[in-house]
Amino acid sequence: MEGKVCLVTGATSGIGLETARALARQGATVVLSGRDPGRGEAALAEVRRTVPDAKLDLMLADLTSLGSVRKLAQGFQARYSRLDVLLNNAGLMLDRRKVTPDGFEATFATNHLAHFLLTHLLLDVLKASGPARVVNVASEGHRMGSLDFLDDLQAERGGYSGMRVYGNSKLANILFTRGLKRRLEGTKVTTNSLHPGVVRTGFGLNSEGITKHLVKLAAPFMLSAEGGARTSVFLASSPEVEGVSGRYFIKSKVARESKAAQSDEAAETLWRKSAELTGVGA
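Take the position in the sequence shown, starting the count at 1, then add 110; the result is the number in this note's numbering.
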């Protein structure tokens, strides 16, 4: 990865931090993105503790805000002329429905819309840097997702279920990968999605109800963050997946998505609606 530039969202803790560490260890310049300055600086120090010669940068962004996502893309392109790997890693799960400053349901906005927009804004620099890769961290939780979310993107109907909404957002990650793969044909940019495993990080602890307690109970049986980062690192750096695009991976192996995640029609419907919501061209 010497000479390559990687941007990792949600990189100040958990899987994102370990992904950044591993890519830095391979010699890449790694731009860590997170929303908290203190945690960001602590993450840089933590990576440098184990990789003293790491080439790192920190760029702050709040992915609940599309304006902040746009500033991240603009700031990145002002500093860097190339992007070899965009790793869309940041994720959120809530017990209660919350709305972003843009008026979107927060889980869907953070897990899907922010990365949809960021990828769109950085697509030209990715293409110019080819061969380049877009890696989307999804989840086996996508199997809980339902195509009904295409008609209720903001989770406004019925009772709010954090797990269901999270599953919908992860289904969106895979359908986004599917739609992006089609649009990248003929370029030197590939895109793949993955399930990191059930990982012991701070994820889910920002919930206020039963989810937080379930996460704590299950923690001893979960993967470490380092273990959870392995498939992300594999898809970002391994020559084994050079040219492979539009696939879903578990434990660094191609896996079969749910039937809902294999729908080209759903991928196109999601793309059109996401483009409309984020104000970009379809």
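The C-beta atom is built at its ideal place from N, Cα and C for all residues, glycine as well. Remember, it's a predicted structure, so these values are computed and weren't measured experimentally.
Contact under 9 angstroms by Cβ, residue i with residue j
i      : j      : result
Leu117 : Leu233 : no
Gly84  : Gly113 : The shown model of the chain, from 111 to 392, leaves out residue 84, and the question about it has no answer.
Lys291 : Gly356 : yes
Pro241 : Thr300 : yes
His252 : Thr119 : no
Leu142 : Thr174 : no
Ala164 : Arg192 : no
Met254 : Tyr270 : no
Val351 : Asn302 : yes
Assigned secondary structure, residue i (DSSP; H/G/I helix, E/B strand, else coil)
i      : result
Arg158 : helix
Gly144 : strand
Thr379 : helix
Glu215 : strand
Met203 : coil
Leu304 : strand
Val343 : helix
Cβ separation of residue i and residue j, assumed to be a contact under 8 angstroms, to the nearest whole Å
i      : j      : result
Thr131 : Val157 : Reading the sequence as shown, one finds Arg at residue 131 and not Thr. Sure, about 5 angstroms apart at Cβ, within 8 angstroms.
Asn199 : Thr129 : 6 angstroms
Leu176 : Thr388 : 6 angstroms
Leu294 : Thr341 : About 20 angstroms separates the two Cβ atoms, so there is no contact after all.
Same chain, Cβ closer than 7 angstroms to residue i, five either side skipped, listed in chain order
i      : result
Ala183 : Leu228, Leu231, Leu232
Leu285 : Ala371, Ala376, Ala377, Leu380
Proximal residues to residue i (C-beta, below 6 angstroms), its chain only, five neighbours per side dropped
i      : result
Val364 : Arg357
Glu250 : His305
Val195 : Cys116, Arg243, Ala346
His222 : Ser279, Ala282
Val390 : His230
Next on the checklist: Whether or not the segment 263-279 and the segment 208-225 are in contact is what I'm after, with contact meaning three or more pairs of Cβ atoms, one per stretch, closer than 8 angstroms; do they touch?
Outcome noted: Segment contact: the segment 208-225 against the segment 263-279, three or more CB-CB distances shorter than 8 angstroms; contact assigned.
Next on the checklist: With a threshold of 8 angstroms, are at least 3 pairs of Cβ atoms found where one atom belongs to the segment 150-170 and the other to the segment 205-213?
Outcome noted: The answer is no - the segment 205-213 does not touch the segment 150-170, with fewer than three Cβ pairs under 8 angstroms.
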